[in-house]
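A.B. asks: Below you will find the structure I want to go over with you.
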Amino acid sequence: ALVRPRTEEWRTRWEQGAAQAAAATADQLDALGRGEGDHLAGARVHERRPVVRGRFGMCGRLDVYQV
Numbered sequence: 224a225l226v227r228p229r230t231e232e233w234r235t236r237w238e239q240g241a242a243q244a245a246a247a248t249a250d251q252l253d254a255l256g257r258g259e260g261d262h263l264a265g266a267r268v269h270e271r272r273p274v275v276r277g278r279f280g281m282c283g284r285l286d287v288y289q290v
């Protein structure tokens, strides 16, 4: 009851974040399974510092990054 009003917000956040990332990972694994690795050519490494540390999240504390 306490979290019910926020479930749609959380669903949207999940759909636009973790679910999209999982789907992209599945696509990449499928490509690797077919012997295709072209998507690896665009790989880069980024370093970011959090803009907020220790904020409360759904499952505990989290750091927030600007992306």
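Letter by letter, the sequence shown follows residues 224 to 290 of this note's numbering. Ideal Cβ placement from N, Cα and C applies to all residues, glycine included.
Three-state secondary structure (DSSP) at Leu255?
C.D. replies: DSSP, reduced to helix, strand and coil, places Leu255 within a helical segment of the structure shown.
A.B. asks: Reducing DSSP to helix, strand and coil, say where Gly240 ends up.
C.D. replies: coil
A.B. asks: Just verifying my parser: in three-state terms, what is the DSSP assignment at Gly277?
C.D. replies: strand
A.B. asks: Could you check what DSSP says for Leu225 in three-state terms: helix, strand or coil?
C.D. replies: coil
A.B. asks: Would you tell me roughly how many angstroms separate the C-alpha atoms of Gly258 and Ala241, rounded to the nearest one?
C.D. replies: 26 Å
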